[in-house]
Every structure is written in C-alpha cells, then in structure tokens.
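Numbering (full-length UniProt numbering), first residue to last: 1 to 58.
Just below is one structure, and these are the notes that go with it.
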Amino acid sequence: MKEIARTKGVLHDAAAVGRLTVLVARLFNKGLRERDELLSAAMESYSALAMPSLQASE
1 MKEIARTKGV LHDAAAVGRL TVLVARLFNK GLRERDELLS AAMESYSALA MPSLQASE
C-alpha cells in the first residue's frame with residue numbers, strides 16, 4: 001500500500017489512500033496473491049480510476 005501511494009504521490013491524501021486500500025483488497029479477494037502481480041494490477045487499476053478525476057478538473 002505505502003509503495004503504491006508513494007509512487008502515485010497520494011501518501012498524505014487520506015481519501016486516496018482509502019480508495020487504494022479498497023482497490024487492493026478487491027484485487028486480493030479476486031485471487032491475486034503474489035506481491036508483484038498485486039502491485040502491478042493495483043498500479044494499473046489506480047491509474048485508470050485517477051484519469052477521469054484529472055480530466056474533470058481541467
């Protein structure tokens with residue numbers, strides 16, 4: 001979690017960390033257990049989630 005939050009620059013944003021926590025939990029529950037697979041999937045999914053909010057603010 002901290003690694004993803006730090007990479008995405010949201011380490012001090014409580015709402016973003018909460019969304020990230022839910023995302024990782026869902027991926028884990030879907031069967032992703034290996035750290036590298038989980039990290040990769042979480043980074044991709046989080047980027048996809050973050051894009052619409054960036055476009056809306058422009």
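We put the CB at the ideal spot given by N, CA and C, even for glycine.
Beta-carbon contacts of A39 that lie in its chain and below 8 Å, excluding the five residues immediately before and after: Before going further, note that residue 39 is Leu rather than Ala in the sequence given. So the list reads E3, I4, once near-sequence residues are dropped.
Please state whether DSSP places R33 in a helix, a strand or coil. coil
Do V24 and A42 count as a contact pair if the criterion is CB distance below 8 Å? yes
In chain order, what residues of the same chain lie with their CB nearer than 7 Å to the CB of K8, ignoring the 5 residues before and after it? Closer than 7 Å at the Cβ level, and outside the excluded window around K8, lie Y46.
Per-residue DSSP class, three states only, for L38: Annotated three-state conformation of L38 is helix, per DSSP.
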